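For the sequence shown, the positions run 29 to 322 when our numbering is used.
C-beta atoms are modelled at their ideal positions from N, C-alpha and C, and glycine is treated no differently.
None of the values given here were measured: they were computed from a predicted structure.
As structure tokens, the structure follows; a few thoughts come after it.
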Amino acid sequence: MSFLVENLHAMKAQLREVTTSADCSFRVKVFEDRQFQAAWHFHPQYELTYMVQSTGIRYVGDSMHPFDRGDLVLVGRNLPHSWKTVKVKSEDVKCVIIQWDESLLADWLPKPEFAAIRQLLVSSSRGIAFDRNTALRLEGDFVKLPQQPPFERLLTLLKILHTLAAEADSELLAGPGFGKALSGKESQRVNLINNYIKDNILEQIRLDEVAELLSLSKEAFCRFFKKTFDKTFMQYVNEYKVTLASQMLIETDLSVSEVGYRSGFNNLSFFYRQFSRYKQQSPQTYRQQYQKIG
């Protein structure tokens, strides 16, 4: 098993209860730990997460991307998501998480001054990743937010949302077909699939094995997977491998060929083709471009 792959317990996409304090109408939390512990989960609140430090892979809906310091993501209501630590660096996890109910801004959103924020929240149904430079400019606001008095805290949240609503360089994460809520059984299947891929990334990943794990025929499994993710199972596996490779290219000095092998590709030509397919550039160019902005 790759040193980048965690051993995870089988888990359902859990409905999480989000509570607020008596003196504040939304929740601000500084999360600090050795690694992320949360399973794939969802909640009826909006969530804005700023990564102060840590590296890993984030899952939002049917998307997966590497993250590190400066990662800033807005997750819409009831959109399944999870951040998973990748142990490339020794640093612990630290992030600022803001969560709020739809009712917080309900009276303001219809007003013309909030038109851009209203559209931002609509788009968050697919999850939004924001430009890293914009996120780093807002880092001071995120860091001071937990210590602010309630009224100033609300003003800071509005300032952050206003800035993000004007941000043109952002990326929608989940596919357009992922807006539907998954049932508990479907969520459990997704987690079993993800765990199987992680635990077998350096082995031969077999469609019949994962279908048997879900107690489905191969045909039924393929239909379920295509309906849920709008891609084939092997496309999803290759995308996961490319995501692992992306993280290693960013965070290590390993050669490109070693990165390919450690992310589960036994054939380097196939690794190059798949990386170019999902990243629209070669592994070398990806590493060089990231070093320029890092």
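query, result
"For the region 186 to 203 and the region 215 to 229, state whether three or more C-beta atom pairs, one from each stretch, are separated by less than 8 angstroms.", "no"
"Buried or exposed, going by whether 16 or more other CB atoms sit within 10 Å of the CB of A248?", "exposed"
"Run through DSSP, which three-state label would Y306 get?", "helix"
"Helix, strand or coil, according to DSSP, for R105 in the structure here?", "coil"
"Could you tell me the boundaries of the beta strand (DSSP E) in which S215 lies?", "No beta strand (DSSP E) contains S215, which is instead part of the alpha helix (DSSP H) from 212 to 227."
"Please name the residue in F170, K259, D135 whose C-alpha comes closest to that of L323.", "Given a span of 29 to 322 for the chain in the structure shown, any question on residue 323 remains unanswerable."
"Just checking my contact of F293 with K269 at CB under 8 angstroms: how many whole Å lie between their CB atoms?", "6 angstroms"
"Buried or exposed for N35, please, with buried defined as at least 16 other CB atoms from any protein chain shown within 10 angstroms of its CB.", "Reliability fails at N35, whose pLDDT of 30 lies under 50, so the model's placement of it is uncertain and the value that follows must be treated cautiously. Answer is exposed; the Cβ neighbour count stays below 16."
"Counting Cβ pairs, one atom from each stretch, are 3 or more of them under 8 angstroms apart for the region 107 to 114 and the region 55 to 69?", "yes"
"Our contact map puts S198 next to I156 with C-beta atoms below 8 angstroms; I'd like the distance itself, whole angstroms only.", "5 angstroms"
"What are the boundary residues of the alpha helix (DSSP H) that E240 is part of?", "235 to 241"
"Got a sec, what are the start and stop residues for the alpha helix (DSSP H) V63 sits in?", "What sits at residue 63 in the sequence shown is Gln, not Val. Looking at the DSSP string, Q63 is not in any alpha helix (DSSP H), and its letter there is neither H nor E."
"What does the alpha-carbon distance come out to for the pair Q317 and S310?", "11 angstroms"
"Please name the residue or residues paired with W128 in a DSSP beta bridge.", "Y74"
"Mark E141 as exposed unless 16 or more other C-beta atoms lie within 10 angstroms of its C-beta, in which case mark it buried.", "exposed"
"Would you check if the distance between the CB atom of K172 and the CB atom of I125 is smaller than 8 angstroms?", "no"
"Tell me which same chain residues have a C-beta within less than 6 angstroms of the C-beta of D120, skipping the five on either side of it?", "R62"
"Could you compute how far the alpha carbon of F158 sits from the alpha carbon of L102?", "8 angstroms"
"Quick one: what does DSSP say T113 is sitting in, helix, strand or coil?", "strand"
"Determine the contact status of G89 and K112, defining contact as a CB-CB distance below 8 angstroms.", "no"
"Looking at C-alpha atoms only, which residue of V284, L244, R97, L230 is the closest neighbour of K213?", "L244"
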